[in-house]
Amino acid sequence: MSERRSKFEIIFDILKAIQDKGGKIKPTHLLYKSNLSYKRLQGYMDSLMKKGLVEKVEEGKKTKKNKIVLTEKGYEFLANYNKIREFTEAFGL
Amino acid sequence: MALGERIPAWFLGIDAFFELLSIIAIVLLIWFSYKSYKLIGEKKYFWFSAAFGIILLAFASRMFMHLCLYFGWTDFIGKVLHMLSWSAFVYVVFFLLAYIILFAIAMEIHDKKMMIAIFLLIALILYYSGNYLMIFQYIAIVLLFIIGWKYFEYYWKKRNKNTLLISTAFSFLCLSHIAFGLIAFTDYLYALGHLFQLIAYLIFLYFIIRVWKK
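Chains D and X are the protein sequences, given in the same order.
Taking my numbering, the leading residue of the first sequence gets 3, the next gets one more, and so forth.
Taking my numbering, the leading residue of the second sequence gets 1036, the next gets one more, and so forth.
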């Protein structure tokens, strides 16, 4: 029942930022969009990858730049976000 | 409630029907919170669904007992009477465990060891009390009153209509245990207790439908 941006909302903001970029985003862009420190974002990324909401892919044959990609489960999370948020807020979870 | 309690004959069958309706709301609450747990992966959603899962088990065993009485399966009951008397205690322990988990969630208590200690202490008190059904009602009243009050405070702060629904549902659950606790005065309180319980779970059902429409 806290006031600050909850972990749940931060997850939503991260996933939404990826979705807004067509489901694929550069880590540096995500850092800017998520409004988190590098260390905190790294922690969230590890957690989101473990949960299967996002995955890291390498793009470009020569440069091999990393990109963060939204998974099907990630899209499902976004589709159900409003419902889960209402549920979470009502029970103060 | 369990065998040996003062169940008015006219209410037999109706209680099982009320419990069936409540089970629908409970299943939806479990499904929704478990789905949230699978998507977010936070333990609190798991504990929330576990609490209602335990309530579901308690309800299912109680509904089974009531159906046995309604259909007059007394031979069957006779054979398993010993088991049923135990199942009444198990049912009480299930409810107690579920309420303690919900209490910990509402009060934001994260110390699992402390909650386990409280649960074991209460379970032991119930076991050696000589009248565990009544003692359980009084403990449930205290726990649900605090949960209901906590959600009301939360509503007052946030003005979130859904939280008001949750607070009202827990208050009705508290009222149902008050009615069950006073059953010695009149059998009608048994029916009233079930009615309050049904209202509480119908409010949960309405809440889930509201959330699902979002």
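Even glycine gets a Cβ: it sits at the ideal position worked out from N, Cα and C.
Beta-bridge partners of residue i, as assigned by DSSP
{"i": "E60/D", "result": "N68/D"}
{"i": "I27/D", "result": "I70/D"}
Contacts that residue i makes with chain X (C-beta to C-beta distance below 7 Å)
{"i": "K85/D", "result": "V1246, W1247, K1249"}
{"i": "E88/D", "result": "N1197, V1246, K1249"}
{"i": "E61/D", "result": "Correct list: empty, because the minimum Cβ distance to chain X is about 27 Å."}
{"i": "E78/D", "result": "L1074"}
Partners in chain D for residue i, counting only beta-carbon separations shorter than 8 Å
{"i": "F1242/X", "result": "A92"}
Beta-carbon separation (whole angstroms), residue i vs residue j, contact threshold 8 Å
{"i": "L1047/X", "j": "Y1105/X", "result": "5 Å"}
{"i": "I976/X", "j": "F1083/X", "result": "As displayed, chain X neither begins before 1036 nor continues past 1249, which places residue 976/X out of reach and without an answer."}
{"i": "T50/D", "j": "L43/D", "result": "It is worth fixing the name first, because residue 50/D is Leu in this sequence and not Thr. The pair is not a contact, with the Cβ atoms about 10 Å apart (cut-off 8 Å)."}
{"i": "A1023/X", "j": "F1231/X", "result": "Past the edges of chain X, shown from 1036 to 1249, lies residue 1023/X, and the structure says nothing about it."}
{"i": "F1215/X", "j": "S1202/X", "result": "In fact, because the Cβ distance is near 21 Å, the residues do not count as touching under 8 Å."}
{"i": "S1211/X", "j": "G1228/X", "result": "5 Å"}
{"i": "N84/D", "j": "K1148/X", "result": "Actually they do not touch by this definition, with Cβ atoms about 36 Å apart."}
{"i": "K18/D", "j": "L80/D", "result": "7 Å"}
{"i": "F1129/X", "j": "I1089/X", "result": "5 Å"}
{"i": "L1131/X", "j": "F1171/X", "result": "6 Å"}
{"i": "A1250/X", "j": "L1137/X", "result": "Chain X is shown from 1036 up to 1249; residue 1250/X falls before or after that span and cannot be answered."}
{"i": "S36/D", "j": "I13/D", "result": "In fact, because the Cβ distance is near 10 Å, the residues do not count as touching under 8 Å."}
{"i": "M1098/X", "j": "A1044/X", "result": "With a Cβ gap of about 18 Å, M1098/X and A1044/X do not count as contacting."}
{"i": "I1243/X", "j": "L1063/X", "result": "5 Å"}
{"i": "A1095/X", "j": "I1065/X", "result": "That belief does not hold up - the Cβ atoms of A1095/X and I1065/X are roughly 12 Å apart, past 8 Å."}
{"i": "I1042/X", "j": "Y1236/X", "result": "Contact doesn't hold; Cβ gap of about 20 Å is too wide."}
{"i": "K1/D", "j": "G1076/X", "result": "Nothing can be reported for residue 1/D: it is not among the residues displayed for chain D, which extend from 3 to 95."}
{"i": "F89/D", "j": "F1067/X", "result": "6 Å"}
{"i": "G76/D", "j": "L55/D", "result": "4 Å"}
{"i": "E78/D", "j": "N1197/X", "result": "About 22 Å separates the two Cβ atoms, so there is no contact after all."}
{"i": "A1014/X", "j": "Y1134/X", "result": "Coverage of chain X is limited to positions 1036 through 1249, which leaves residue 1014/X absent and any answer about it impossible."}
{"i": "K1185/X", "j": "M1142/X", "result": "6 Å"}
{"i": "F1200/X", "j": "Y1241/X", "result": "A quick correction: the sequence has Leu, not Phe, at residue 1200/X. Right, their Cβ atoms sit about 7 Å apart."}
Beta-carbon neighbours of residue i, restricted to chain X and to distances below 9 Å
{"i": "N82/D", "result": "K1070, S1071, L1074"}
{"i": "E11/D", "result": "The premise fails here: E11/D is roughly 11 Å from chain X at the closest Cβ pair, so nothing lies under 9 Å."}
Contact set between residue i and chain D, taken where Cβ atoms lie within less than 9 Å
{"i": "I1140/X", "result": "F93, G94, L95"}
{"i": "Y1167/X", "result": "Within chain D, no residue comes near Y1167/X; the closest Cβ sits about 29 Å away, beyond 9 Å."}
Residue i: CB within 7 Å of a non-hydrogen atom of the ligand MG
{"i": "K1192/X", "result": "Summarising the ligand content, the structure contains no ligands, and the ligand MG is consequently not present."}
contact_flag[the segment 1217 to 1224 of chain X, the segment 1187 to 1204 of chain X] where n(CB pairs < 8 Å) is 3 or more: A contact is defined here as three or more CB-CB pairs under 8 Å, and the segment 1217 to 1224 of chain X fails this definition with respect to the segment 1187 to 1204 of chain X.
With 8 Å as the C-beta to C-beta threshold (strictly closer), list the residues of the segment 1057 to 1071 of chain X near chain D in chain order. From the segment 1057 to 1071 of chain X, only F1067, S1068, K1070, S1071 have a Cβ closer than 8 Å to chain D.
Assess contact between the segment 27 to 42 of chain D and the segment 63 to 77 of chain D, defined as three or more Cβ pairs (one per stretch) separated by less than 8 Å. Is contact present? By the Cβ rule, the segment 27 to 42 of chain D counts as touching the segment 63 to 77 of chain D, because three or more pairs are nearer than 8 Å.
Residues of the segment 1195 to 1217 of chain X with a CB closer than 8 Å to any CB of chain D: list them in chain order, please. Cβ contacts with chain D come from N1195, N1197, T1198, L1200, I1201.
Scan the segment 29 to 55 of chain D for residues whose Cβ lies nearer than 7 Å to a Cβ of chain X and list them as they occur along the chain. If you check each beta-carbon in the segment 29 to 55 of chain D against every beta-carbon of chain X, the ones closer than 7 Å belong to K53.
Could you tell me whether the segment 1069 to 1085 of chain X touches the segment 1168 to 1182 of chain X, using the rule of 3 or more Cβ pairs below 8 Å? No, the segment 1069 to 1085 of chain X does not touch the segment 1168 to 1182 of chain X.
Specify whether the segment 1123 to 1136 of chain X and the segment 1155 to 1162 of chain X touch according to this definition: at least 3 beta carbon pairs, one from each stretch, less than 8 Å apart. With a cut-off of 8 Å on Cβ pairs, the segment 1123 to 1136 of chain X is in contact with the segment 1155 to 1162 of chain X, counting three or more such pairs.
Below 8 Å, can you find three or more Cβ-Cβ pairs linking the segment 49 to 60 of chain D to the segment 1145 to 1154 of chain X? Contact between the segment 49 to 60 of chain D and the segment 1145 to 1154 of chain X is absent, with fewer than three C-beta pairs closer than 8 Å.
For the segment 1075 to 1087 of chain X, which residues have a CB atom closer than 8 Å to at least one CB atom of chain D, in sequence order? Identification of residues in the segment 1075 to 1087 of chain X having a C-beta nearer than 8 Å to some C-beta of chain D yields I1075, G1076, E1077, K1079, Y1080, F1083, given in sequence order.
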